[in-house]
Every structure is written in structure tokens, then in C-alpha cells.
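One structure is given below, encoded as C-alpha cells.
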Amino acid sequence: MPFLRNAWYVAAWSSDVSQTEPLQRTLLGESIVLYRDSLGRPVALANRCPHRFAPMDGGRVRGDALECPYHGLRFDRTGRCVHNPHGDGRIPAAARVASYEVEERYGAVWIWMGEPERVAVTPLPAFDYLDPQENETSTGYLLTRANFQLSADNLLDLSHFQFLHPDTLGSNQMASGTMTFDEVGETVWSRRVCRGEQLQEFVANAYGVPPGMAVDRWLNVRWDVPGLMSIEVGVAPSGIPREFGRMSYSGHFLTPETETSTHYFFAFGLPKAMGEAARTLVEYAVDGLMTPFKEEDLPMLEAQQCALGDQDFWQARPVLLSIDGAAIRARRIMDRKIATEQLEQQARIEQCEAEQGGKTPMPELTAVPIDCSALAR
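Going by the UniProt record's numbering, 47 is the number at position 47 of the sequence shown; the sequence numbering is gapless.
And the structure:
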């Protein structure tokens with residue numbers, strides 16, 4: 001299954017990328033090394049030295065450059081070799097590693113692994129509640145041994161709370177809640193309203209609900225390409241308008257590691273204007289959710305992946321229910337975008353072949369620009 005490359009993905013939380021220790025991450029099936037230069041700016045390079053293919057993540061950050069641990073060649077943020085300690089110091093023209101566009105926002109380092117010219121026309125969706133300047137935030141991370149779209153399916157349908165998380169997040173009213181789905185451009189919304197709920201202690205405490213009080217709960221999930229999700233949850237005493245209740249906001253970012261594993265980044269944010277309560281609540285949310293996410297969601301997702309094996313989701317002929325409306329919309333958007341990207345790549349290959357005056361061996365399809373001269377070699 002190909003990955004969508006012309007899209008923003010979270011590579012790491014900002015706090016994980018430093019000026020001293022390079023960080024290795026496998027993203028979209030490729031090994032990437034991340035570090036910060038002397039100005040503190042994040043850098044993302046392919047994790048393979050072009051000399052003898054040593055992994056770069058074992059090297060040292062030297063000012064603005066990353067030094068290969070094997071023979072000491074250094075590469076700057078553009079991937080260009082800027083230092084050769086051997087012989088006369090001459091630097092071969094081919095001494096380069098692939099570099100990637102990065103952006104730091106919402107407490108995360110984002111990476112673009114597609115065509116650089118498309119960066120400017122592909123803005124990030126808004127996650128303003130995670131802006132650390134205005135909000136107290138708390139973050140979490142889990143590695144899931146399942147395809148990233150299985151994780152998106154899981155978050156777009158929260159009816160599973162009643163059955164997979166009965167003692168923490170769920171209630172007996174979850175599955176019977178009313179649902180609506182919207183698709184606006186390439187954004188999908190899943191909205192659920194549960195009335196007369198008896199919340200579990202963990203959730204009730206987070207929203208300041210006294211024991212035994214019946215509440216109405218609103219759960220809105222927003223999905224954007226490729227797996228950037230925002231969840232809004234509102235709780236108010238039953239019959240009281242939503243605006244008089246309490247809201248929480250969380251971001252959930254799904255980045256493929258491989259076809260069958262996913263980096264799952266999640267975070268909560270609340271305005272600093274709330275004072276110390278904001279810090280307490282966001283930490284409570286992440287700490288409390290880590291257990292059900294890790295002990296209930298992850299095993300289920302991994303079991304699903306094991307059951308699917310190498311089979312494509314649609315080839316497995318899933319039975320669809322009304323609760324799948326948002327997940328199916330998101331999958332179809334991704335299918336269309338990947339198919340379009342592959343067709344565009346094919347057209348570029350054919351154009352290059354025509355310019356060279358004949359057929360050449362077909363390179364592996366990627367979304368990076370093709371150097372036509374390379375096809376003649």
C-alpha cells in the first residue's frame with residue numbers, strides 16, 4: 001500500500017528533538033534523523049550517509065551540521081556535505097543526503113516528505129488549543145502495531161467506549177447516542193450526543209460532575225488528511241444548554257511508521273487563563289487516558305491488524321454499520337488522494353521517458369520530483 005506523501009505528518013513532539021542527541025524515527029517506511037541546529041531550528045534528514053551508508057543517528061550535532069559517526073562527514077540542514085576531514089578535504093558533488101521540509105507548531109515537529117513546491121499551498125489544520133504560548137498542554141505518545149487508518153477508524157467511532165472502555169470512558173448510553181456525519185471538502189466530522197449519561201468516575205472527575213448526576217455529553221471528532229484529528233468533548237447536567245457545560249479539547253496525530261505500524265501522538269490543551277487548574281486537568285487527562293489507550297485500544301488494533309494480515313481493508317469485505325459513516329468517508333478521501341498522487345507520478349515518469357526518447361526501467365513510484373537525466377543512466 002503506498003503512502004500519501006504530499007501531506008504534513010507529525011515526526012516528533014518538540015521536546016523530543018534536541019541540539020545534542022539526534023533522534024531516529026521511521027516515517028512512511030523511511031528512516032529519518034531529526035536534530036536542532038545552532039539556532040534551535042529542527043532539521044530532518046534521511047538517516048543514511050551516502051559514503052558507506054552508515055546510519056546518521058549515531059553521530060554528533062556539530063553546530064548547524066550532523067556528523068556521520070563512521071568517517072566524520074558533516075551534513076547541513078539542506079543535506080549538503082559541508083565538511084570532509086579526509087585527504088585534501090575535497091567534497092564530492094554527490095555527497096548529499098535527502099532533506100525534508102519541517103515546521104514547528106502546536107508543540108510538535110511536522111515533516112513534509114512529498115514535493116517541496118506543494119508545501120506553501122498545503123497549510124496545517126488549526127489546533128490552536130495546543131499553541132503552548134496561550135495554553136497549558138500535556139502530550140502522550142504510543143507506537144501501535146497496526147495500520148494508521150485502523151487507528152483513525154477507532155477515533156472516528158467513539159461508540160466503542162461502551163464496550164472496550166466500560167470502566168473508564170464509556171457508559172451504557174454511548175452506543176445509543178445520536179450521530180451525524182459531515183464531509184466538508186477534505187475534512188470529515190463525526191458528531192455524537194449522549195443524553196442522561198452516568199459517567200465513570202475518571203470522566204466525571206475531569207468535568208467536575210458530582211457522583212450520580214445525569215449529564216448530556218457531546219463528542220465531536222474532526223478528521224483531516226492524512227490522519228490529523230481533533231476531539232471536542234462537552235459535558236453539562238442533563239437538560240442544561242451545552243454552553244453552560246465544560247469542554248475539553250485534544251489533538252490526535254497518526255503518522256505511519258510502516259504499513260502495519262503507527263506513531264500515535266496525542267495531546268490536551270486548555271487556556272492558561274484558567275490558572276493552575278488548566279495544568280492539573282491536562283496532565284490528569286493524558287495520564288488517565290494512557291492506561292485505556294495502551295491496555296485496551298492498542299491490543300484491539302493490533303489484533304485487527306493480525307486478523308487482516310497482508311489483506312487490504314476493502315479486499316477483506318468489511319460489514320458496514322451506521323456508526324462507520326465518518327471512517328468510511330475518511331478512507332475514501334485517502335484512497336482518492338493516493339490514487340491521484342500515483343497517477344501524477346506516472347505521468348511524470350512518462351514525460352521523462354518521452355524526453356529521453358525511449359523506454360527505461362520503471363523506478364519505484366514515489367511522490368518526489370524525478371530527475372529526468374537520472375532515467376538515462
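Where a beta carbon is used, it is the ideal one built from N, C-alpha and C, also for glycine.
Tell me the DSSP bridge mates of residue i?
i	result
residue 180	191
residue 248	233
residue 83	74
residue 301	Residue 301 is not bridged to any residue.
residue 44	34, 100
residue 221	190, 231
residue 111	9, 102
residue 20	Its beta-bridge partners do not exist; DSSP assigns none.
residue 319	Answer is none; residue 319 lacks a bridge partner.
residue 139	267
residue 243	Its beta-bridge partners do not exist; DSSP assigns none.
residue 379	No information on residue 379 is available, as it lies outside the stretch 1 to 377 that the chain covers here.
residue 197	215
residue 144	262
residue 253	228, 265
Since residue i is in the alpha helix (DSSP H), which residue starts that stretch and which ends it?
i	result
residue 133	Neither: residue 133 is in no alpha helix (DSSP H) and is coded neither H nor E.
residue 325	325-356
residue 280	276-292
residue 152	148-156
residue 163	161-164
Alpha carbon to alpha carbon, what distance is there between residue j and residue i?
i	j	result
residue 281	residue 206	7 Å
residue 369	residue 321	In this predicted model, residue 369 has a pLDDT of only 40, less than 50, meaning its place in the structure is not dependable enough to derive any value.
residue 63	residue 112	24 Å
residue 174	residue 15	36 Å
residue 19	residue 160	42 Å
residue 45	residue 168	41 Å
residue 221	residue 254	14 Å
residue 144	residue 183	27 Å
residue 275	residue 283	14 Å
residue 129	residue 277	15 Å
residue 2	residue 272	41 Å
residue 158	residue 50	46 Å
residue 317	residue 323	17 Å
residue 133	residue 292	29 Å
residue 154	residue 4	20 Å
residue 294	residue 241	34 Å
residue 70	residue 59	8 Å
residue 301	residue 152	10 Å
residue 297	residue 353	48 Å
residue 289	residue 12	20 Å
residue 127	residue 348	35 Å
residue 357	residue 351	10 Å
residue 392	residue 267	With the chain covering 1 to 377 only, the question about residue 392 has no answer from this structure.
residue 311	residue 179	30 Å
residue 17	residue 39	13 Å
residue 190	residue 61	44 Å
residue 306	residue 163	21 Å
residue 37	residue 100	14 Å
residue 225	residue 334	7 Å
residue 345	residue 218	42 Å
Please check the pair residue i and residue j, which I expect to be a contact at CB under 8 Å, by giving their CB distance rounded to whole angstroms.
i	j	result
residue 81	residue 98	Contact flag wrong, Cβ pair sits at about 13 Å.
residue 223	residue 326	7 Å
residue 304	residue 150	6 Å
residue 309	residue 137	With 8 Å as the limit, residue 309 and residue 137 do not qualify as a contact, their Cβ atoms being about 38 Å apart.
residue 54	residue 83	Contact flag wrong, Cβ pair sits at about 16 Å.
residue 35	residue 23	7 Å
residue 102	residue 188	That pair is no contact at about 26 Å.
residue 171	residue 142	Between residue 142 and residue 171 the Cβ distance is about 24 Å, and since that is not below 8 Å, they are no contact.
residue 256	residue 148	5 Å
residue 6	residue 104	Their Cβ separation, rounded to whole angstroms, is 20 Å, which puts residue 6 and residue 104 out of contact at 8 Å.
What first and last residue would you give for the beta strand (DSSP E) that runs through residue i?
i	result
residue 203	Looking at the DSSP string, residue 203 is not in any beta strand (DSSP E); the run it does join, the alpha helix (DSSP H), is 201-206.
residue 425	The structure shown does not extend to residue 425, since the chain is modelled only from 1 through 377, so no value can be given for it.
residue 26	23-27
residue 61	60-62
(message) Can you confirm whether the segment 186-202 touches the segment 340-349 when touching is taken to mean that 3 or more C-beta pairs between the two stretches lie within less than 8 Å?
(response) no
(message) Assess contact between the segment 234-246 and the segment 260-273, defined as three or more Cβ pairs (one per stretch) separated by less than 8 Å. Is contact present?
(response) Contact annotation: the segment 234-246 does not touch the segment 260-273, with fewer than three C-beta pairs closer than 8 Å.
(message) For the pair the segment 225-234 and the segment 86-94, tell me if three or more CB-CB distances fall below 8 Å.
(response) no
(request) Count the CB pairs spanning the segment 22-39 and the segment 118-126 that are closer than 8 Å, and state whether there are at least three. (result) no
(message) With a threshold of 8 Å, are at least 3 pairs of Cβ atoms found where one atom belongs to the segment 209-216 and the other to the segment 236-243?
(response) The segment 209-216 makes contact with the segment 236-243, as at least three CB pairs between them are under 8 Å.
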